[in-house]
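To keep things clear, I will list the structure first and then write my remarks on it.
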Amino acid sequence: MSQKTVRLTMAQAVARFMTRQMTIIDGKRVPIFGGVFAIFGHGNVAGVGEALYAIRETLPTYRAQNEQGMANAAIAFAKASFRRRFMACTSSIGPGALNMVTSAALAHVNRLPVLFLPGDVFANRRPDPVLQQVESFGDATVSANDCFRPVSRYFDRITRPEQIIPALRRAMQVLTDPADCGPVTLSLCQDVQAEAYDYPESFFDEKVWVPRRIEPDLDELASAIDLLKSAKKPIIIAGGGVLYSEATADLANFAEKHGIPVVETQAGKSALPHSHPLNMGSVGVTGTSASNKLAEETDLVLAVGSRLQDFTTGSWALFKNEDLKIIGLNVQPFDAGKHNGLPLISDARAGLNRMSGCLGGYRADPSWTEKAKAGKAEWLAAADKATATTNAALPSDAQVIGAVQRARGGSKTTLVCAAGGLPGELHKLWQAEEPGGYHMEYGFSTMGYEVAGGLGVKLARPERDVIVMVGDGSYMMLNSEIASSIMLGAKFTIVLLDNAGYGCINRLQMETGGANFNNLLEDTHHVELPQIDFAAHAAAMGAVTRKVASIPELESALAETANEARTTVIVIDTHPLITTEAGGHWWDVVVPEVSDRAEVKTAREGYEKALQSQRFG
2 MSQKTVRLTM AQAVARFMTR QMTIIDGKRV PIFGGVFAIF GHGNVAGVGE ALYAIRETLP
62 TYRAQNEQGM ANAAIAFAKA SFRRRFMACT SSIGPGALNM VTSAALAHVN RLPVLFLPGD
122 VFANRRPDPV LQQVESFGDA TVSANDCFRP VSRYFDRITR PEQIIPALRR AMQVLTDPAD
182 CGPVTLSLCQ DVQAEAYDYP ESFFDEKVWV PRRIEPDLDE LASAIDLLKS AKKPIIIAGG
242 GVLYSEATAD LANFAEKHGI PVVETQAGKS ALPHSHPLNM GSVGVTGTSA SNKLAEETDL
302 VLAVGSRLQD FTTGSWALFK NEDLKIIGLN VQPFDAGKHN GLPLISDARA GLNRMSGCLG
362 GYRADPSWTE KAKAGKAEWL AAADKATATT NAALPSDAQV IGAVQRARGG SKTTLVCAAG
422 GLPGELHKLW QAEEPGGYHM EYGFSTMGYE VAGGLGVKLA RPERDVIVMV GDGSYMMLNS
482 EIASSIMLGA KFTIVLLDNA GYGCINRLQM ETGGANFNNL LEDTHHVELP QIDFAAHAAA
542 MGAVTRKVAS IPELESALAE TANEARTTVI VIDTHPLITT EAGGHWWDVV VPEVSDRAEV
602 KTAREGYEKA LQSQRFG
């Protein structure tokens, strides 16, 4: 049987294929790839670079400053798009490719789609070893790109041009699958990128990808209903899967109909409006007092779209009820059955609606619901106190959060953050009223994600007021995509909190009995302390900048720069030790059994006592 074919290089086939993949957003057919981030080198400039040039009007290519930065931006784009759209990233071989491995792990942990297209060595091996080639003495098939294998949902090395046909089809299945969603790496040997092949024209037919909604198994559903109906004190843990399923309205309806309080993970925050009476806020290590008091007593947890990470469960010491049961409502069986939970394998929207129909008129005991609402009122009073304005020379992170909330925390704002002490404070204190209004990368807690993440969010949601909050330590790790945001006209606001070091880890060091050592700049081995002018640094990349000296000045600067056309960076000095005392929970961070320091011995005693509260298995 003869097929109509078109002769293309392998790289041209990859590029054309990407332009033919579509999805449906708000009833409109749109390209599923939002663009390609690229930094070219000898391993991809001639093949992939030429191919992307030919489609630049159809699929935009964005030039970044750092491979990890561009990959982080691409992942943030997918997260802000609730996994409905995503991007590709291409680099040369060697350091360019390896710079993206951290981002691949970030996407893998957070179940977020991104397509990595790193260049690779020559498949024909004629010029071996080529520039940047990592040679294995015992395995000639290994290259640097093998580092992507453990942090990719699907990995393939393309050594012949026709291999891209099944590889790209498999890649799209993974990128769009709600259960297996995550990073895909197609390692493109650089000589093969330029080789031509007669590809079937049907390979480039337009294809529309829409989310698969998995319905629950009837037996699992019946078991879950029996458990829930027998529960006296149920709670719902809302994870990121609620947002990715676009099930936020369904969650609200379920909670209201059945009177069940909702607590939110870092990934699930904004699944319910902060103002919703049944939203108890954050749970776990960085949880509110309202959420954690309920979690301590609950006899049934309905975990919706959560992987039940240790910060959510207080290292499995949060839940005190010996009769606790867990229902894991999740598309991924790996997550649904954690800690002997009853798995309910289902899309969040489909599962919630099916459960609600089977529950009929069931409602939690009114006294449980009222207790939840009273606990929230107490928490809100404590949160208001923590975020209140001040004239302190070195305000707390919470006081800065309060200023940002008052000045720019409207319904059209998306708050972006990642690592350090800020995620804990924001998880408790930020008041998100719309799905996606809170964008936190805390699955991998990647320092350096924030600035690049802000760029990705702005590209995905240009109508949003995107505000990035970042500490000085994380800013120093990766800030170069400020320049990319200027180039692309993708304006967002960065609030940079300078506490002169790694304040979060310094506090953890102190809590575990350690001496102040190598975290705050003043406690490092140094000849001279750096005097970094962050405002001048950001201005050098083209940003509008301000250095403010107080919380009132910060609020004024946020208001005055709201309509700036360019990315804005506002710097404020903060206190490295002050955190919100209310809320929170123990976290399992090991303390040495043997030490000469009394502080460590005391911390060890407390650690051993806390371990007794952990639920194991």
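Count the sequence shown with our numbering and you get residues 2 to 618, in order.
Just so you know, even glycine gets a beta-carbon here, dropped at the ideal spot from N, CA and C.
My understanding is that Arg21 touches Asp206, with C-beta atoms under 8 Å, so please give their C-beta distance in whole angstroms.
-> That belief holds up - the Cβ atoms of Arg21 and Asp206 are roughly 7 Å apart, short of 8 Å.
In angstroms, rounded to a whole number, what distance separates the CA positions of Gly70 and Phe38?
-> About 10 Å.
For His259, the residue or residues it bridges with in DSSP = Answer by DSSP bridge pairing: none, since His259 is not bridged.
Excluding the 5 residues preceding and the 5 following Asp473 in the sequence, name in chain order all residues of the same chain whose CB lies nearer than 6 Å to its CB.
-> In its chain, beyond the 5 residues on either side, Asp499 have a beta carbon closer than 6 Å to the beta carbon of Asp473.
Below 8 Å on the Cβ atoms is my guess for Val252 versus Leu273; work out the distance and round it to an integer in Å.
-> The amino acid occupying residue 252 in the given sequence is Leu; Val does not appear at that position. With 8 Å as the limit, Leu252 and Leu273 qualify as a contact, their Cβ atoms being about 6 Å apart.
Using the C-alpha atoms, what's the distance from Arg17 back to Ile56?
-> If you take the alpha carbons of Ile56 and Arg17, they lie about 7 Å apart.
Kindly confirm or deny that the segment 406-420 and the segment 459-472 touch, where touching means at least three C-beta pairs closer than 8 Å.
-> Contact between the segment 406-420 and the segment 459-472 is established, with three or more Cβ pairs separated by less than 8 Å.
Exposure of Arg510, with buried meaning 16 or more beta-carbon neighbours within 10 Å = For the sequence presented, residue 510 should be read as Gln rather than Arg. When all chains shown are included, Gln510 counts as buried.
Cα-Cα, which of Ile402, Tyr200, Gly36 and Asn341 is closest to Pro553?
-> It is Ile402 whose Cα lies nearest to the Cα of Pro553.
Since Thr10 is in the beta strand (DSSP E), which residue starts that stretch and which ends it?
-> Counting along the chain, the beta strand (DSSP E) containing Thr10 begins and ends at Thr6 to Thr10.
Note the first and the last residue of the continuous alpha helix (DSSP H) segment covering Ile76.
-> Segment Glu68 to Ala81, the alpha helix (DSSP H) holding Ile76.
Quick one, are the C-beta atoms of Asp121 and Ile94 less than 8 Å apart?
-> Yes; because the gap between Cβ atoms is below 8 Å, this pair is in contact.
Check whether the Cβ atoms of His428 and Ser283 sit closer than 8 Å, and answer yes or no.
-> Result yes, Cβ atoms of His428 and Ser283 sit closer than 8 Å.
In or out: Asp220 buried (at least 16 other Cβ within 10 Å) or exposed?
-> By the 10 Å Cβ count, Asp220 comes out exposed.
In the DSSP assignment, find the alpha helix (DSSP H) that holds Lys429 and state where it starts and stops.
-> DSSP places Lys429 inside the alpha helix (DSSP H), whose first and last residues are Leu423 to Leu430.
Same chain only: Cβ atoms within 7 Å of Ile159, ignoring 5 sequence neighbours per side | These residues qualify, in order along the chain: Met11, Ile165, Ala168, Leu187, Ser188, Leu189, Cys190 and Val193.
Roughly how many whole angstroms lie between the Cα atoms of Ala453 and Ala484?
-> Cα to Cα, Ala453 sits roughly 10 Å from Ala484.
Pull up the distance between the alpha-carbon of Glu442 and that of Gly455, whole angstroms please.
-> The straight-line gap from Cα to Cα measures roughly 11 Å.
With hydrogens ignored, establish whether the beta-carbon of Pro344 is closer than 7 Å to any heavy atom of the ligand GTP.
-> The ligand GTP is not part of this structure, which contains no ligands at all.
Can you name the residues that DSSP bridges to Ile236?
-> Residue pairing by DSSP puts Ile236 in a beta bridge opposite Val302.
For Leu416, three-class secondary structure by DSSP | Strand, per DSSP.
Three-state secondary structure (DSSP) at Ile56?
-> Of the three classes helix, strand and coil, the one that applies to Ile56 here is coil, per DSSP.
Alpha carbon to alpha carbon, what distance is there between Asn100 and Leu479?
-> Note on geometry: alpha-carbon atoms of Leu479 and Asn100 lie some 12 Å from one another.
Beta carbon proximity, Ala387 to chain D, threshold 8 Å = Included in the structure is just one protein chain, with no chain D present.
Could you check if Leu132 is buried or exposed, using at least 16 other CB atoms within 10 Å of its CB as the buried criterion?
-> By the neighbour-count rule (16 or more Cβ atoms within 10 Å), Leu132 is not buried but exposed.
Tyr200: first and last residue of the uninterrupted beta strand (DSSP E) it sits in | Secondary structure note for Tyr200: its beta strand (DSSP E) is the uninterrupted segment Ala197 to Pro201.
Taking the continuous alpha helix (DSSP H) assigned at Leu460, which residues delimit it?
-> Start and end: Tyr450 to Ala461.
Taking C-alpha atoms, which residue in Tyr63, Arg84, Lys339 and Ala74 lies nearest to Thr24?
-> Ranked by how close their Cα comes to the Cα of Thr24, the residues Tyr63, Arg84, Lys339 and Ala74 have Arg84 in first place.
Cβ neighbour criterion (16 or more within 10 Å) applied to Arg355 | Buried is the call here.
Beta-carbon gap between Ala172 and Leu116 smaller than 8 Å | Taking the C-beta atoms as reference points, Leu116 is found nearer than 8 Å to Ala172.
May I ask you to verify whether the segment 252-272 touches the segment 356-368, counting CB pairs closer than 8 Å and requiring at least 3?
-> Touching, yes, given that three or more Cβ pairs across the two stretches are closer than 8 Å.
Would you list, in sequence order, the uninterrupted beta strand (DSSP E) runs of no fewer than 3 residues that lie entirely inside the segment 330-411?
-> Listed in chain order, the beta strand (DSSP E) elements of length 3 or more contained wholly in the segment 330-411 are 343-346.
Residue burial classification, Pro96 (beta-carbon count within 10 angstroms, cutoff 16) = Per the 10 Å Cβ criterion, exposed.
How would you write the range of the alpha helix (DSSP H) that His109 sits in, first residue to last?
-> Where His109 is concerned, the enclosing alpha helix (DSSP H) starts and stops at Val102 to Asn111.
If you draw a straight line from the C-alpha of Gly444 to the C-alpha of Leu343, how long is it?
-> The straight-line gap separating the alpha-carbon atoms of Gly444 and Leu343 is approximately 23 Å.
Answer yes if the segment 542-549 comes into contact with the segment 516-533, meaning at least three C-beta pairs across the two stretches below 8 Å, and no otherwise.
-> Judged by Cβ distances under 8 Å, the segment 516-533 makes no contact with the segment 542-549, as fewer than three pairs qualify.
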